[in-house]
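> Input: one structure, supplied below.
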Amino acid sequence: MTTPVTTPAPAATAPGAVKSAPRLRRVKEHRPGRRRRSKLLTVLTSLVVLYTVVPLIWLVVNATKTQSGLASSNGLWFADDFALWDNIRDTFTYGDGIFTRWLLNTLLYVVLGAGGATLLAVLGGYALAKFDFPGKRGVFATVIGAVAVPGTALAVPTFLMFSKMGLTDTPWAVILPSLVSPFGLYLMWVFASEAIPTELLEAARMDGAGEARTFFTVALPLLAPGIVTVLLFTTVATWNNYFLPLIMLKDPDWYPLTLGLSAWNSQAETVGGEVIFNLVITGSLLTILPLVVAFLFLQKYWQSGLAAGSVKE
Amino acid sequence: MTTLQPPAAAGPRPAPPPVRRDRRSWKGWGFIGPFAAVFALVFLAPIAYSIYLSLFRDQLIGGTTFVGFDNYQQALKDELFWASLGRVALFLVVQVPIMLGIALLVALALDSGRLYGKSFFRITIFLPYAVPAVVATLMWGFMYGTKYGLVGDFNSAFGWSLPDPLSADLVLASIGNIVTWEFVGYNMLIFYSALRVVPHSLYEAAEIDGASQWRVITAIKLPAIRGALVIATIFSIIGSFQLFNEPSILRPLARNAITTDYTPNFYTYSLSFSGQQHNYSATVAIIMGLITMVVAYVVQLRGMRKGA
C-alpha cells in the first residue's frame with residue numbers, strides 16, 4: 001500500500017475488530033456445523049434471556065391494566081379487565097394530548113439531531129480517512145480525547161453558556177449538542193478507510209470531478225451500510241436522551257418523551273397530582289416500540305456495522 | 001457515471017510522491033469543517049467556560065471575584081463529594097465486572113456455535129439497549145415495589161420476606177441491576193462482533209494441536225478480542241462515573257436512600273440547579289472529568305500493554 005494512510009497509529013486504540021477487519025472477507029460466516037449443539041449451554045444462555053425479557057413482558061402485561069388493576073393484581077399476569085386500548089387512548093388524550101406533542105418533539109430532535117450528527121460524522125470521517133490536511137492529527141487527537149470526557153460533566157457549563165446565548169428552553173438547546181457524535185465520527189473514519197479505494201477517488205478527480213461531486217457520486221454509495229449503522233446508534237442516543245433535555249428545558253411543550261414520562265411519573269408525588277401509573281406504563285411501552293421495531297428490522301445492518309469497518313460483506 | 005468506473009484506469013498514473021504532496025491541502029477541511037465547528041461550540045467552549053467559571057466565586061457581598069484555586073481546595077476537602085465518588089467507585093468495582101463477565105460469557109457461548117437458536121438469543125439479549133434509561137428505571141422501579149411491585153407479589157405468593165430493594169442498604173445494588181440490564185446486551189454484541197473476525201485458521205491449527213475448548217478460549221479468543229475488552233471497560237468506567245439518570249429517576253421512590261448528592265454527577269446537578277452554586281459545580285465537574293480521564297487512560301495503557 002503506497003496510499004497516503006498517515007493514520008494507522010490510532011488504530012492501536014481501536015477495538016480488536018477493527019484491527020483485523022480486512023481479514024473478515026476471508027472468514028465467511030461461520031465455522032462448519034460440525035460442532036455438536038449443547039443443551040446445557042442453551043439452557044444457561046436462556047437464563048440471561050429470561051433476565052432481559054421478563055421486565056419487557058412485565059411492561060406489556062401491565063400496559064393492559066387500569067390504575068386500580070395495577071395495585072390489585074400480580075405483576076406478571078393480567079388483571080380481570082383488559083384495558084390496553086383504553087390506556088392507549090388515554091395516553092394520547094390525557095392533558096390535551098400532550099403525549100402526542102412529546103412524540104413529535106422527540107421526532108424533531110431525532111430527525112435534526114441524529115440526522116445531523118450522522119451527516120457531520122460521515123463528512124468528517126471521510127475527510128479523516130481520505131484527505132491529508134493541516135491540523136489533521138490535532139483534530140483526531142482532540143476528538144478521541146473528548147470521548148473520555150464525561151458528557152454529562154459538560155452539561156452544566158453547556159447549560160450556563162447556552163443560557164447566556166438565550167438558547168435554553170428552545171429546541172436548539174437539545175439539538176445542537178446532539179449534533180456531535182465522536183463515536184460516530186470514529187466509526188465512519190474506520191469505515192471510510194476500509195470501504196473506499198483511494199484509486200477510485202483519484203480516477204474521479206482525474207476525470208475532472210470536483211471534490212463535492214466525487215464525494216456524492218463515488219464515496220457516498222460505498223458508505224451506505226456504515227451510514228445506516230451510525231444513524232441507528234445516533235437515533236437511539238437522541239431518542240433516549242434524558243439528562244440534556246432535563247437541564248435545558250423548562251417548558252413541557254418542548255419535552256421529549258423521556259422527560260414527559262418522568263414528569264407523569266413524579267406527578268403522583270405532588271400534592272393533588274393525579275396518579276396515572278397506568279399511563280406511565282402504557283406511554284413507556286409506546287416509547288420503546290419504534291426503536292425495538294427498528295432494531296429488529298434493521299438487524300442485518302447494525303449487527304455487521306458494529307464490527308466497525310468490517311461491514312463490507 | 002461510466003467515466004468513474006474503472007479503478008484500473010488509475011494504473012498509469014503519474015509518479016505518486018508529488019501527487020501526494022499536492023493532496024496535503026485544505027480541501028479536507030471542507031468535509032471536517034462542519035463537525036469541527038459544532039464540536040468547538042458544544043465540546044471545547046463548555047470545557048473552556050467551566051475552567052473559567054471554576055476560578056471565580058459568586059459572593060453575596062462583592063459579586064463575582066477571582067479566587068484562583070480556592071474552589072478546587074474546597075472540593076478536595078468536600079466530604080459530600082468524596083462520599084459520592086466512593087459510591088460510584090464501589091459501583092464500578094462491583095457492577096462493571098459482573099456486567100462485562102456475563103456479556104463475555106454469552107458472546108463466547110454464541111460464538112461457540114453450540115447454541116440452539118443463536119440469532120434469537122443475540123437479538124433478545126440486545127433488546128434492552130433500545131430501551132431508554134428513563135423507561136428501564138421506571139419499569140424496574142415499579143417491579144422493585146414491596147407493596148404492589150413484583151417483589152411484593154413474590155412475598156405474598158410464596159410467603160417470602162424479600163428485603164426492600166429500595167432501602168438504603170440495597171439501593172446501589174438495585175441501580176447496578178438496572179444498569180446491567182440495560183447494557184449487558186450491548187457489550188455482548190461488541191465482544192461477539194470482535195470474536196467473529198478472529199481468523200478461522202487459528203482454530204484449525206489449535207484443533208490439530210488437540211487444544212481443549214478452554215485452551216482455545218484463553219489462548220486464542222480472549223487475546224484476539226483484547227481491544228474490544230479494553231474499549232468496553234473504558235466505556236463502562238465512563239458510564240459509572242457519570243451515573244445520574246437511574247438514581248435521579250428512582251429517587252421519588254427512595255427519597256431517604258438516594259440523596260441529591262448520591263453520585264458526583266447528581267451532586268454537580270444539584271449544586272447548579274438547586275443551589276445556584278454554578279462556580280463550585282463547574283469545579284466539581286472538572287475534577288470528576290479529570291479523574292475519569294486518568295482512570296480511562298490508565299486502563300487503556302495497561303490493557304493494551306498486557307501481553308502485547
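These protein sequences, in sequence, are chains F and C.
Residue numbering for the first sequence follows this note's numbering, beginning at 1 and increasing consecutively.
Residue numbering for the second sequence follows this note's numbering, beginning at 1 and increasing consecutively.
We put the beta carbon where it would ideally sit given N, CA and C, even for glycine.
1. Given that a residue counts as buried once 16 or more other Cβ atoms are within 10 Å of its Cβ, and exposed if not, what is W140 (chain C)?
2. For N87 (chain F), collect the residues of the same chain with a Cβ closer than 7 Å to its Cβ; drop the 5 residues on either side in sequence, then sort them by chain order.
3. What residue from F:V218, F:V228, F:E202, F:P55 has the CA that sits closest to L336 (chain F)'s CA?
4. Helix or strand or just coil, what does DSSP make of T64 (chain C)?
5. What does the alpha-carbon distance come out to for the pair N241 (chain F) and P171 (chain F)?
6. In three-state DSSP terms, what is F56 (chain C)?
7. In chain C, which residues lie less than 9 Å from S163 (chain F) when you measure between Cβ atoms?
8. Tell me, please, whether the stretch 184 to 200 of chain C touches the stretch 106 to 115 of chain C by the rule of three or more beta-carbon pairs shorter than 8 Å.
9. Name, please, each residue of chain F whose Cβ falls closer than 8 Å to the Cβ of F81 (chain C).
10. Taking 8 Å as the threshold, find out whether the stretch 226 to 245 of chain C comes into contact with the stretch 175 to 192 of chain C through three or more Cβ pairs.
11. Return the Cβ separation of F35 (chain C) and A121 (chain F) in integer angstroms, given the expectation that the two are a contact with Cβ distance under 8 Å.
12. Three or more beta-carbon pairs under 8 Å between the stretch 281 to 300 of chain C and the stretch 72 to 86 of chain C, yes or no?
13. Output the distance between the C-alpha atoms of G135 (chain F) and G145 (chain F), rounded to the nearest integer angstrom.
14. Going along chain C, which residues have a C-beta under 8 Å from N74 (chain F)?
15. Determine the contact status of H278 (chain C) and L160 (chain F), defining contact as a CB-CB distance below 7 Å.
16. Residues of the stretch 239 to 259 of chain C in Cβ contact with chain F at a cutoff of 7 Å, in chain order, please.
17. Can you tell me which of the three DSSP states V61 (chain F) falls into?
18. Which residues of chain F have a Cβ atom closer than 7 Å to the Cβ of Y116 (chain C), listed in chain order?
19. Would you call Q95 (chain C) buried or exposed, if buried means 16 or more other Cβ atoms sit within 10 Å of its Cβ?
20. For the alpha helix (DSSP H) containing R215 (chain C), list its first residue and its last residue.
21. Can you give me the start and stop residues for the alpha helix (DSSP H) that T287 (chain F) sits inside?
22. How big is the Cα-Cα spacing for L41 (chain C) and K164 (chain F)?
23. Measure the beta-carbon distance from W102 (chain F) to Y255 (chain F) and round it to whole angstroms, keeping in mind my assumption that it falls under 8 Å.
24. Taking just the CA atoms, how far does D251 (chain F) sit from Y297 (chain C)?
25. Roughly how far, in whole angstroms, is the beta-carbon of W58 (chain F) from the beta-carbon of G69 (chain F), given that I think they are within contact range, below 8 Å?
To lay it out plainly:
1. buried
2. A63, N278, L279, T282
3. Within the shown structure, residues of chain F are numbered from 1 to 313, placing residue 336 (chain F) beyond reach of any answer.
4. strand
5. 13 Å
6. strand
7. Residues of chain C passing the Cβ test: none, with the nearest at roughly 10 Å.
8. yes
9. What F81 (chain C) touches in chain F: nothing, since even the nearest Cβ is about 13 Å away.
10. yes
11. 7 Å
12. yes
13. 15 Å
14. D153, A157
15. yes
16. F241, Q242, F244, N245, I249, P252
17. helix
18. R37, T42
19. buried
20. 213 to 216
21. 277 to 297
22. 13 Å
23. 5 Å
24. 40 Å
25. Contact flag wrong, Cβ pair sits at about 14 Å.
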